[in-house]
Amino acid sequence: MFTHMYLQKAQRNIYLIMEFCSGGDLSSYIKHRGRIAALHTPTSPAPAFLPHPKVGGLDDSVVRSFIGQLSSAMKFLRARDLIHRDVKPQNLLLSPANSVEEYACVGKGGWIPGPVGTPILKVADFGFARILPNASMAETLCGSP
């Protein structure tokens, strides 16, 4: 067992305390092409909505930012011998970057941030997660369809 400021252990239960991610999950963001009102607060440094193409996929700089954020999260987990085992758009939550300062901190995580206002991606649902030392290999097939 490890300790973390957002994990609280009671008599027989462990509670994970997490902030509310007002942007929903990545699958909704993709479906609505980024037009999620909760990601655009009055204090947001971003334009009303990011410039995603009218047809095709999302803006490539936003996608690169999401991939960079996700890879940074996976690197963080592996450094602690953890594997998630259920990474999918529904388990990637989004929060708005509430200030220019907060958004600038994103770039310090080792990836290039997208346009100002690109949501902050957070990994959720660690129900299938497990400890797996670096030299080991998982043998259980699991995840979601």
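For what it's worth, full-length UniProt numbering labels the leading residue of the sequence shown as 1, then goes sequentially. Every residue, glycine too, gets a C-beta built ideally from N, C-alpha and C.
Residue closest to residue i, alpha-carbon to alpha-carbon, out of the options
i, options, result
"P119", "V63, K31 and R80", "V63"
"G34", "I67, N91, K54 and L77", "K54"
"L70", "V123, R130 and D81", "V123"
"D125", "N91, S65, P133 and D81", "N91"
"H52", "G68, H32 and F76", "H32"
"L82", "A73, G68 and R130", "R130"
Beta-carbon contacts of residue i that lie in its chain and below 7 Å, excluding the five residues immediately before and after
i, result
"S61", "G114 and P115"
"R12", "none"
"P89", "D25, L26, S27 and I30"
"P133", "D81"
Range of the contiguous alpha helix (DSSP H) that encloses residue i
i, result
"I120", "Per DSSP, I120 belongs to no alpha helix (DSSP H); it is in the beta strand (DSSP E), I120 to V123."
"S95", "Not the alpha helix (DSSP H): S95 falls in the beta strand (DSSP E), residues L92 to S95."
"R78", "D60 to A79"
"I30", "L26 to K31"
Contact set for residue i: own chain, Cβ-Cβ below 8 Å, skip 5 residues either direction
i, result
"G23", "Y29, I36, A38, L39, L93, L94, S95, P96 and P119"
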